[in-house]
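J.:
In our numbering, the protein residues as written are 31 to 201.
#1: So is the beta-carbon of residue 118 under 7 angstroms away from any non-hydrogen atom of the ligand FMN?
#2: Taking the beta carbon of residue 198 as the centre, do at least 16 other beta carbons fall within 10 Å, making it buried, or is it exposed?
#3: How many Å lie between residue 180 and residue 39 at the Cα?
#4: Report yes or no: do the stretch 115-132 and the stretch 88-101 share at least 3 C-beta pairs separated by less than 8 angstroms?
#5: Alpha carbon to alpha carbon, how far is residue 86 from residue 32?
#6: Have a look at residue 63 and residue 169 and give me their C-alpha separation to the nearest angstrom.
#7: So, with DSSP's three-state summary, where would you put residue 31?
#8: In this structure, does DSSP put residue 117 in helix, strand or coil?
#9: Any contact of the stretch 151-170 with the stretch 49-60, i.e. 3+ C-beta pairs under 8 angstroms?
#10: Hey, residue 107 and residue 57 are a contact pair by Cβ (cut 8 angstroms); roughly how many whole angstroms apart?
#11: Near residue 89, what residues of its chain come up, given a Cβ to Cβ distance below 8 angstroms and the 5 sequence neighbours on each side ignored?
#12: For residue 36, write down the residues that DSSP places opposite it in a beta bridge.
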């Protein structure tokens, strides 16, 4: 189960927060409803992981199953997508109460590039009770899009990679 809130943001946070990790990622979709996603996560100072993820539902609470892939499996599934994967840089910052802020810069340098942030929670009550102001992020996290149609990475994949239709490859 994934309990997560999402915000559209502009740039990295200006408030000085402890940086835990930075990853260069690439992700693509075999299906968007329900979500079947592959992701390559290359840690800036470490190893690269390959992940297969299944998600269902919308909004604050979603079912999520993740499993590791070998590099070879990832490359085979990447080829099956038939489209260029979405690159993004993710920085993960430590917040109070053990929470983490994940800020993502997507498709850097392209006309469609954008930024978003997410916080995952242990319970629905924690998610509903947490306020960005508690961590001095009220202004930065002012545009919440949790559960809004068209605000998922799967929707972005469809808009930017499949805009010509599934039969028309963009490679």
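Idealized CB from N, CA, C, for every residue including glycine.
T.: Quick answer:
#1: For the structure depicted, the ligand FMN is absent and the ligand set is empty, with no information on it obtainable.
#2: Since pLDDT at residue 198 reaches only 36, below the 50 mark, its modelled position is unreliable, and no value is offered.
#3: Spanning the two alpha carbons is a distance of roughly 16 angstroms.
#4: By the Cβ criterion, the stretch 115-132 is not in contact with the stretch 88-101, since fewer than three pairs of Cβ atoms, one from each stretch, lie closer than 8 angstroms.
#5: Between residue 86 and residue 32, the C-alpha separation is close to 10 angstroms.
#6: Each residue's alpha carbon lies about 33 angstroms from the other.
#7: Coil, per DSSP.
#8: Correct three-state label for residue 117: strand.
#9: By the C-beta criterion, the stretch 151-170 is judged not to be in contact with the stretch 49-60, since fewer than 3 inter-stretch pairs fall below 8 angstroms.
#10: Between residue 57 and residue 107 the Cβ distance is about 11 angstroms, and since that is not below 8 angstroms, they are no contact.
#11: Contacts found: 176 and 177.
#12: Bridge pairing for residue 36: 148 [DSSP].
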